[in-house]
Each structure stands twice: as structure tokens, then as C-alpha cells.
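*Asks:* Taken in sequence, the protein lines are chains A and B.
Residues 6 to 313 in our numbering are what the first sequence lists, from first letter to last.
Residues 36 to 311 in our numbering are what the second sequence lists, from first letter to last.
Ideal Cβ positions, reconstructed from N, Cα and C, are used throughout, including at glycine.
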Amino acid sequence: MTAGTTAGRSSGAMSLTRRRTRAAWLFLAPTLAALAAVGLWPLSRTVWLSLTDARLGQTGLARFVGLDNYRLLIGDSEWWNAVWNTLVFAMGSVTIETVLGIVFALVMNARFRGQALVRAAILVPWAIPLVVSGKMWAWMYNDLYGVVNAALIGTGVISAPIAWLADADLAMAAIIATDVWKTTPFMALLILAALQMVPNDVYEAARLDGVSSVRVFFRITLPLIRPVLLVAVIFRTLDALRIFDLVYIMTSNSRQTATMSIFARRELVEFADVGYGSAASVLIFLIVGAVTLVYLRAARLRPDEAIT
Amino acid sequence: MSSSALRAGGLYALALLIVAFALFPFAWAVISSLKTGAAIFDASPIPAEPNLRNYAAIFAEQPFGRTIVNSLIVGAGTVALSLVLGLGAAYALGRVAFRGRALLLMVILAVSMFPQVAVLSGMFELVTTLGLYDTHVALIVSYLIFTLPFTTWVLTTFMRDLPKELEEAALVDGASPWIIITRIFLPLMGPAIASTTLLAFLVAWNEFLFALTFTLTAQARTVPVAIALISGASQYEVPWGPLMAASVTVTLPMIALVLVFQRKIVSGLTAGAVKG
Numbered sequence: 006m007t008a009g010t011t012a013g014r015s016s017g018a019m020s021l022t023r024r025r026t027r028a029a030w031l032f033l034a035p036t037l038a039a040l041a042a043v044g045l046w047p048l049s050r051t052v053w054l055s056l057t058d059a060r061l062g063q064t065g066l067a068r069f070v071g072l073d074n075y076r077l078l079i080g081d082s083e084w085w086n087a088v089w090n091t092l093v094f095a096m097g098s099v100t101i102e103t104v105l106g107i108v109f110a111l112v113m114n115a116r117f118r119g120q121a122l123v124r125a126a127i128l129v130p131w132a133i134p135l136v137v138s139g140k141m142w143a144w145m146y147n148d149l150y151g152v153v154n155a156a157l158i159g160t161g162v163i164s165a166p167i168a169w170l171a172d173a174d175l176a177m178a179a180i181i182a183t184d185v186w187k188t189t190p191f192m193a194l195l196i197l198a199a200l201q202m203v204p205n206d207v208y209e210a211a212r213l214d215g216v217s218s219v220r221v222f223f224r225i226t227l228p229l230i231r232p233v234l235l236v237a238v239i240f241r242t243l244d245a246l247r248i249f250d251l252v253y254i255m256t257s258n259s260r261q262t263a264t265m266s267i268f269a270r271r272e273l274v275e276f277a278d279v280g281y282g283s284a285a286s287v288l289i290f291l292i293v294g295a296v297t298l299v300y301l302r303a304a305r306l307r308p309d310e311a312i313t
Numbered sequence: 036m037s038s039s040a041l042r043a044g045g046l047y048a049l050a051l052l053i054v055a056f057a058l059f060p061f062a063w064a065v066i067s068s069l070k071t072g073a074a075i076f077d078a079s080p081i082p083a084e085p086n087l088r089n090y091a092a093i094f095a096e097q098p099f100g101r102t103i104v105n106s107l108i109v110g111a112g113t114v115a116l117s118l119v120l121g122l123g124a125a126y127a128l129g130r131v132a133f134r135g136r137a138l139l140l141m142v143i144l145a146v147s148m149f150p151q152v153a154v155l156s157g158m159f160e161l162v163t164t165l166g167l168y169d170t171h172v173a174l175i176v177s178y179l180i181f182t183l184p185f186t187t188w189v190l191t192t193f194m195r196d197l198p199k200e201l202e203e204a205a206l207v208d209g210a211s212p213w214i215i216i217t218r219i220f221l222p223l224m225g226p227a228i229a230s231t232t233l234l235a236f237l238v239a240w241n242e243f244l245f246a247l248t249f250t251l252t253a254q255a256r257t258v259p260v261a262i263a264l265i266s267g268a269s270q271y272e273v274p275w276g277p278l279m280a281a282s283v284t285v286t287l288p289m290i291a292l293v294l295v296f297q298r299k300i301v302s303g304l305t306a307g308a309v310k311g
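#1: Since A:Ile289 meets chain B, which of its residues come closer than 7 angstroms, beta carbon to beta carbon?
#2: Less than 8 angstroms between the beta carbons of B:Leu120 and A:Thr36, yes or no?
#3: Inspect the CB distances between the stretch 289-298 of chain A and the stretch 196-216 of chain A and report whether three or more fall short of 8 angstroms.
#4: Assign A:Thr57 to one of three DSSP states: helix, strand, or coil.
#5: Alpha carbon to alpha carbon, what distance is there between B:Pro288 and A:Leu128?
#6: Check whether chain A comes within 8 angstroms of B:Ser156, counting only Cβ atoms and requiring the distance to be less than that.
#7: Can you tell me the Cα-Cα spacing of A:Trp131 and A:Lys187, whole angstroms?
#8: Any residues in the stretch 183-209 of chain A with a beta carbon nearer than 8 angstroms to a beta carbon of chain B? Which ones, in chain order?
#9: Please compile the residues from chain B whose C-beta is within a distance smaller than 8 angstroms of the C-beta of A:Val123.
#10: Got a sec? Which residues, its chain only, sit under 8 angstroms from A:Asn114 by beta carbon, not counting five neighbours each side?
#11: Quick one: Cα of B:Ala43 to Cα of A:Leu111, how far?
#12: Distance check for B:Glu242 and A:Phe222, CA to CA, integer angstroms please.
#13: Whole angstroms are fine: how far does the CA of B:Ile103 sit from the CA of B:Ser67?
#14: CB-CB under 8 angstroms to A:Ile289, same chain, minus the five flanking residues each way: which ones, in chain order?
#15: Answer with buried or exposed for B:Lys299, where buried requires no fewer than 16 other C-beta atoms within 10 angstroms of its C-beta.
#16: Identify the continuous alpha helix (DSSP H) that holds A:Asp244 and give its terminal residues.
#17: If A:Met177 and A:Thr91 are in contact, beta carbons under 8 angstroms, what's the gap, nearest whole angstrom?
#18: Figure out for me which residue from B:Leu46, B:Pro60, B:Val293 and B:Gln297 has the closest Cα to the Cα of A:Ala143.
#19: Please classify B:Phe133: does DSSP put it in a helix, a strand, or coil?
#20: Is the beta carbon of B:Leu69 less than 8 angstroms from the beta carbon of B:Pro82?
#21: Assign A:Arg76 to one of three DSSP states: helix, strand, or coil.
#22: Helix, strand or coil: how does DSSP classify A:Phe69 here?
#23: Could you name the residues that DSSP lists as bridge partners for A:Asp206?
#24: Any Cβ of chain A within less than 8 angstroms of the Cβ of B:Gly123?
#25: Mind checking if B:Tyr47 is an interface residue toward chain A, Cβ cutoff 8 angstroms exclusive?
#26: Distance check for B:Phe99 and B:Tyr90, CA to CA, integer angstroms please.
#27: Using only alpha-carbon positions, find the residue among B:Thr113, B:Val189, B:Ala92 and B:Ile262 that is nearest to A:Leu251.
#28: Taking the alpha carbon of A:Leu194 as the point to measure from, which residue in A:Ile107, A:Asn205 and A:Thr51 has its own alpha carbon closest?
#29: Does any residue of chain B have a CB that is nearer than 8 angstroms to the CB of A:Val99?
#30: Establish whether the CB of B:Thr187 and some CB of chain A are separated by less than 8 angstroms.
#31: Contact criterion: CB-CB distance below 8 angstroms. Does B:Pro60 meet it with respect to chain A?
#32: When you compare only the Cα positions, how much space is there between B:Leu294 and B:Pro274?
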């Protein structure tokens with residue numbers, strides 16, 4: 006790894022800056038190569054395969070079919086059903102997680118004894134693997150023996166057990182509730198970090214002026230944490246649009262809850278229709294990309310501002 | 036009651052509610068995992084005859100120990116590879132001013148935004164062509180798409196803020212960049228290394244879609260897939276007791292890790308979103 010420096014010394018004329026730039030590229034090369042191999046290359050293969058009739062395990066025999074897969078996809082009601090389900094999931098989960106995240110963060114930001122305990126407890130759902138979370142909640146939702154039905158019947162809220170995950174109207178809500186439990190901590194921690202950067206004298210001044218705490222929140226706190234809130238919402242939305250694990254674990258391929266990723270993987274792996282599944286994957290990529298751009302635009306953040 | 040006492044009471048009630056909400060599902064999994072036989076079908080919060088038979092069962096009847104070892108291998112491999120690659124990249128991006136640096140950082144970040152399913156068919160083809168199907172290497176390499184971007188980002192941010200003088204003294208002595216990274220920067224980067232290690236390990240330990248698609252047998256299968264595959268002949272025969280025991284087994288170490296390192300994790304998580 007000393008090629009840059011020795012070459013520089015022997016030529017003499019080569020400036021330190023140029024040597025350093027060369028060394029920089031040398032050190033970057035493995036990472037860029039790795040990302041190209043596991044990111045850009047597979048993505049470009051997916052795009053190519055989406056234009057063919059490739060079958061699983063025989064992608065070498067694929068024939069070019071132009072935009073046929075996309076044409077079929079646009080007329081496929083199952084696909085649009087998956088798009089709709091994904092949107093419902095994304096809007097529902099991100100909205101609830103943002104509101105709850107703010108509430109959690111405000112509570113954790115207040116000074117009281119046992120604050121550290123709350124902060125530790127809130128990390129627990131975040132630490133649990135998504136697959137495990139899905140199974141744990143599926144067990145709680147179990148129609149015959151689940152604790153959710155037992156509690157609701159015990160308190161008289163419902164009179165007969167509900168099959169939460171099998172019910173067409175309730176399955177998605179049940180999955181959203183699980184995601185809210187799992188992901189609100191992430192939101193809350195991001196928002197908490199932002200809250201802690203609001204200088205204390207701002208609040209002091211407002212308190213001395215006798216401004217109500219609700220007004221302080223909407224007029225002072227919210228505008229100050231807005232940039233972080235926007236970034237958190239963007240990240241969560243992108244995550245929600247790609248949701249796979251939780252839905253697959255809790256309701257498998259059920260039509261009521263199938264999301265875009267579930268649809269694409271089923272076509273790819275279970276139906277071995279790599280061409281069609283790849284076309285769906287490319288559309289997901291485009292949708293996620295478009296949503297990112299729209300968000301960044303709406304938030305008036307330049308991409309590099311959003312993450313540094 | 037004064038308004039401030041009322042306020043404190045409300046705050047405690049809310050805090051208690053949050054703690055209950057966060058902990059109940061896992062607590063319920065622990066309780067269920069201690070029930071065997073017909074007790075599992077009784078939603079009482081205290082197991083009548085608490086015992087560890089479910090835990091014994093998952094290790095006796097299924098190659099569950101093997102899956103845990105697989106997950107550890109994949110996690111360690113992913114962490115090691117991301118750190119070595121990320122450190123080199125972070126030196127270039129954090130310490131050297133060259134044209135195109137900001138653009139490269141954006142490209143690296145953009146890779147982590149790829150929907151996983153968008154690279155699935157291309158990655159599957161790559162994995163099978165290279166003969167890596169059903170191996171640990173397939174998972175370690177494919178997980179770089181998640182771990183390498185944030186590892187590079189966190190390490191770059193950290194390295195950028197180290198004092199300039201450290202490096203200048205070494206440069207005058209004719210130290211190569213590799214020596215500078217490993218002898219001078221690395222010992223100072225404990226916190227950044229710790230948080231990226233943990234986050235990368237968690238990602239590898241939890242990942243499901245690639246593990247489900249690129250493995251076939253207990254040879255390379257990781258924990259999430261093994262848990263997903265625990266099922267009965269019909270939905271009425273799911274072995275919930277052993278399933279909950281398996282869930283608790285793979286989750287407890289993660290919870291322990293996260294709680295021990297909670298400060299580092301929180302700072303790692305928020306490093307990207309909050310300025311400073």
C-alpha cells in the first residue's frame with residue numbers, strides 16, 4: 006500500500022497533494038469495487054433481466070422481449086393491489102410513528118427520575134429482529150389463544166375472538182401496529198437528539214413571558230426540530246416502501262397485505278418468472294427514487310444537507 | 036393537588052405507558068416460552084408450571100445451534116469486511132481533499148437507498164454464477180450493500196474531525212497512509228469502530244430476504260430464516276412454545292448488547308441525521 010508514496014519520492018516533481026490524491030483513490034478503490042459488485046452490477050442486471058423472458062436458474066437462456074413485462078405489469082391488478090397495500094402501509098405506519106415518536110421524545114426529554122430506564126426500555130423493540138417481532142405479534146394476535154383477544158374479551162371490548170391476521174380489513178392494521186411498536190423507538194431517538202440541541206434559554210425566555218407549553222411546542226420546538234423530523238420521515242418512508250419481512254412473516258403472500266416487495270419476490274422466486282419479477286423490482290426502484298426526490302424537493306433540502 | 040404535581044403525575048403515567056408498550060410483547064414471548072403442553076393455550080400471565088422444555092426442544096429437535104453458529108460467522112465476516120473496506124475509504128474521503136469527494140459520498144449513500152428487492156435477481160444470478168449459493172460467503176458479501184455505506188459514512192465523519200497535526204507529524208516522518216490509518220487514527224477511533232461494529236452486526240444478524248433467498252439448507256441458514264421456517268402442518272399446529280423459546284434465545288443477546296452499548300448505538304444512529 007506504499008505505492009503512492011514511493012512513486013512520489015522517486016519522481017520528486019510529484020507534489021504532496023498529487024501523491025495524496027493518488028493514495029486516496031487507491032484506498033477508495035476496494036470500497037467502490039465492492040459497492041459496484043453488490044449494488045450497481047446486480048441493479049443493472051435486474052434492469053436487463055426485466056427486458057427478457059428469463060426463468061430462474063436459466064438466466065443465460067433469456068430472450069430479449071422489450072417492454073413486454075412492463076406492459077403486462079401495468080395491466081396486472083395484483084400489482085396495483087400490491088402498490089396500494091404498500092402505500093397504505095407506508096402512510097399509516099410513518100404517520101403514527103412520527104406522532105408517537107414526538108410524544109416519546111418529549112417524555113424522554115423531560116427531567117424525571119427513571120428517565121434512563123425509559124430510554125433503555127425503548128431500545129428493546131429496536132433490538133429485536135424483525136422476523137422475531139413478526140412471530141411474537143402473530144402469536145399475540147392468534148385468534149384462538151392470543152393475548153390480544155383474551156384481553157379484549159376479558160375487558161368486554163369484544164364479545165367473540167377476532168382473527169386479526171386473516172381478516173381482510175384488520176390484517177394491514179395489525180401489521181402497521183407491529184411496525185409502529187418496532188420502529189417508533191428509532192423515530193423517538195432521532196427526535197430526542199434534535200430536542201436536546203435546542204438551547205435551554207429559548208424555553209426559559211418563553212416561560213418567563215408566560216407562553217403556554219402547547220404554544221411553545223408548536224411555535225418554537227417544532228420549527229427547530231423540523232429538519233431532523235423531515236430526514237427521519239424520509240428515511241422511514243423509504244424503508245416502509247420496501248417493506249418485506251414483517252408482511253411475509255405475519256401474513257405470507259396473502260392478497261390483503263401483499264406489498265410491492267412481496268409481489269416482486271413471489272414472481273422472482275416462487276413463480277421463477279425472473280423477467281416479470283425484475284420488471285416489478287425496477288418499478289419499485291423508480292417509485293422509491295421518485296418519492297425520495299419529491300421529499301427532498303418539498304423539504305427544500307439539498308441531498309447532501311440531508312445527511313451531513 | 037398543585038398543577039406541577041399533576042404534571043409530574045401525568046409525566047410518570049405516560050412514561051410508564053411507554054415502558055409497558057415497549058416491553059410487553061417481549062415479556063409475553065418469555066412467558067409463553069416457559070409454558071408447555073396445554074398451558075400455552077391459556078392466556079394467563081403467570082405460567083402454571085414454568086419450565087425450560089421448549090428451550091431444550093429447539094436444540095434437540097432442530098439444528099438450531101448450527102443456525103446460531105451460522106449467524107455468528109456471517110455477522111463477524113460482515114463486520115470485518117465492512118470495517119477494513121470502510122476504514123480505507125474513510126481515510127480517502129475524510130482526510131484527503133480531492134475533486135469529486137462530495138459526489139462519491141452521495142453515490143455511496145445512494146447505494147444504501149436501493150430497495151433490496153431491486154438487486155435481488157441480479158444478486159441471485161451473481162451468487163449462483165460464482166458458486167456461492169447456500170454458503171456463508173454469499174451472505175457476507177451481499178450484506179455489504181447495507182453495511183458498507185453507513186460504515187464508510189460514520190468512519191469518514193469521525194476521521195474528518197481528528198486533528199490535522201497528528202497526521203502532519205507522521206507525514207513529515209515519511210509514514211505511508213496505511214501506517215497513518217492503522218497506527219495513528221485507529222487507536223483514536225474506538226467509539227466510531229464500536230458503533231459501526233454493533234450496527235453492522237445487528238444488520239447481519241437480522242437480515243431476512245437475502246438469507247431466505249440465497250440459502251437452502253442448515254449448512255448456511257441463519258437465525259431469522261430458521262425462525263421463519265418453524266411452522267406446523269397447518270396454522271393450527273404451529274409449535275408456539277418452541278417458537279417463542281427460539282425467539283427469546285436469539286433476542287436476549289441482542290438486547291443485552293444494545294443495552295450495554297446504548298450510548299454508542301444512539302450516537303451512531305443519530306450521527307447521520309443530526310448536525311454536529
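*Replies:* On the basis of the coordinates in this document:
#1: Here the neighbours are Pro150, Val152 and Ala153.
#2: Remark: C-beta atoms of B:Leu120 and A:Thr36 approach each other more closely than 8 angstroms.
#3: No, because fewer than three Cβ pairs between the stretch 289-298 of chain A and the stretch 196-216 of chain A fall closer than 8 angstroms, the two stretches do not touch.
#4: Three-state DSSP puts A:Thr57 in a strand.
#5: Using only the alpha carbons, I get a separation of about 13 angstroms.
#6: Yes, because at least one Cβ of chain A sits closer than 8 angstroms to the Cβ of B:Ser156.
#7: For A:Trp131 and A:Lys187, the distance between alpha carbons rounds to 6 angstroms.
#8: Of all residues in the stretch 183-209 of chain A, Trp186, Pro190, Phe191, Leu194, Leu195, Ala198, Ala199 and Met202 have a Cβ within less than 8 angstroms of some Cβ in chain B.
#9: Here the neighbours are Ala50, Ile53 and Val54.
#10: Short of 8 angstroms from the beta carbon of A:Asn114, and not among the five residues preceding or following it, lie these beta carbons of its own chain, in chain order: Leu197, Leu200 and Gln201.
#11: The alpha-carbon of B:Ala43 is positioned some 13 angstroms away from that of A:Leu111.
#12: About 38 angstroms.
#13: Answer to the nearest angstrom: the Cα atoms are 21 angstroms apart.
#14: Counting only Cβ-Cβ distances below 8 angstroms, and skipping sequence neighbours, we find Leu246, Arg247, Met265, Ser266 and Ala269.
#15: Classification of B:Lys299: buried, given that the 10 Å Cβ count is 16 or more.
#16: The continuous alpha helix (DSSP H) containing A:Asp244 extends over residues Leu227 to Leu246.
#17: Taking a contact as a CB-CB distance under 8 angstroms, the pair A:Met177 and A:Thr91 does not count as one, their CB atoms being some 10 angstroms apart.
#18: Ranking B:Leu46, B:Pro60, B:Val293 and B:Gln297 by CA distance to the CA of A:Ala143 puts B:Pro60 first.
#19: B:Phe133: coil per DSSP, three-state reduction.
#20: Going by C-beta atoms, B:Leu69 is nearer than 8 angstroms to B:Pro82.
#21: If DSSP states are grouped into helix, strand and coil, A:Arg76 belongs with the helices.
#22: A:Phe69 falls in the strand class under three-state DSSP.
#23: Listed as beta-bridge partners of A:Asp206 by DSSP are no residues whatsoever.
#24: Using a Cβ-Cβ cut-off of 8 angstroms, B:Gly123 counts as an interface residue toward chain A, since at least one Cβ of chain A sits closer than that to its own.
#25: Chain A contact via Cβ: present.
#26: Our two residues, B:Tyr90 and B:Phe99, have alpha carbons roughly 10 angstroms apart in a direct line.
#27: Put simply, of B:Thr113, B:Val189, B:Ala92 and B:Ile262 the residue whose alpha carbon is nearest the alpha carbon of A:Leu251 is B:Ile262.
#28: A:Leu194 has its Cα closest to that of A:Ile107, out of A:Ile107, A:Asn205 and A:Thr51.
#29: A:Val99 does not count as touching chain B.
#30: So, interface residue.
#31: For B:Pro60, the closest Cβ of chain A is nearer than 8 angstroms.
#32: Counting only the Cα atoms, B:Pro274 lies some 30 angstroms from B:Leu294.
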